[in-house]
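Colleague: So for the sequence shown, the working numbering puts the first residue at 23; every next one is plus one. Heads up, the beta-carbon is just placed ideally off N, CA and C, and yes, glycines get one too.
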Amino acid sequence: MEPLPIDVIALAGGVLVLLALGLSAWFALRMVRRQAERAACAGQQDFASTMAQQQQELDILRNQVRAAESRLHEVIDALPAGVAIYDNQDRLLAYNREVARVYPYRGDGSIIGESYDTLLRRALVGGHIPEAVGREEEW
């Protein structure tokens, strides 16, 4: 078995970092909600103090998630091959500069959240895929 190329390892590492930070943020949010409920029972003054502290903690977690997302996009953009990442419902989550040069990823506006089928149909209708002209339904 051949070892994985370094770009695949880097991409997987970036995805894992993002997932780990996303999960830790989700657990932290859950914990904050529970603590807020407990604090509400302890009294209004304690509640306000606790909420302010928890808001600061949430801000820190949000910044960590943003930083991880930024690092993931840097890793994806650094890859020499075109990369597009979709979720389990076929919606585009991220893509790199290399893949943005070709249709169906090329275009106006944001395409994040669009399904591959929607992107492809839009490119076909616009005549942006020369090989498909006249054979759009086959594509």
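Can you name the start and end residues of the beta strand (DSSP E) that A154 belongs to?
Modeller: As a working note, residue 154 is residue 132 in the sequence shown. That residue, A154, is in no beta strand (DSSP E); it is neither H nor E in DSSP.
Colleague: So, are the CB atoms of W161 and L141 less than 7 Å apart?
Modeller: Reading the sequence shown from its first residue, position 139 is the one you call residue 161. Reading the sequence shown from its first residue, position 119 is the one you call residue 141. Result no, Cβ atoms of W161 and L141 do not sit closer than 7 Å.
Colleague: D29 to N110, Cα distance in whole Å?
Modeller: The residue you call residue 29 lines up with position 7 of the sequence shown. The residue you call residue 110 lines up with position 88 of the sequence shown. Low confidence applies here, because D29 scores a pLDDT of 49, under 50, leaving its location unreliable and the question unanswered by this model.
Colleague: With DSSP run on the structure shown, which of helix, strand or coil describes Y138?
Modeller: To locate residue 138, count along the sequence shown from 1; it is residue 116. It is helical.
Colleague: Determine, using beta carbons only, whether A106 and V121 come nearer to each other than 7 Å.
Modeller: By one-based count along the sequence shown, residue 106 stands at place 84. By one-based count along the sequence shown, residue 121 stands at place 99. Yes, the Cβ-Cβ distance between A106 and V121 is below 7 Å.
Colleague: Roughly how many angstroms lie between the CA atoms of E159 and D139, to the nearest whole one?
Modeller: The residue given as residue 159 occupies position 137 in the sequence shown. The residue given as residue 139 occupies position 117 in the sequence shown. Roughly 12 Å between the two C-alpha positions.
Colleague: Per DSSP, what kind of secondary structure is R52 in: helix, strand or coil?
Modeller: The sequence position of residue 52 within the sequence shown is 30, counting from 1. Note: R52 maps to helix in three-state DSSP.
Colleague: To which residues does DSSP link A89 through a beta bridge?
Modeller: Locating residue 89 in the sequence shown gives position 67, counting from the first residue. Paired residue(s): none; A89 is not in a bridge.
Colleague: Starting from A116, trace the beta strand (DSSP E) both ways and give me its first and last residue.
Modeller: Taking the first residue of the sequence shown as position 1, residue 116 is located at position 94. 114–117 is the extent of the beta strand (DSSP E) around A116.
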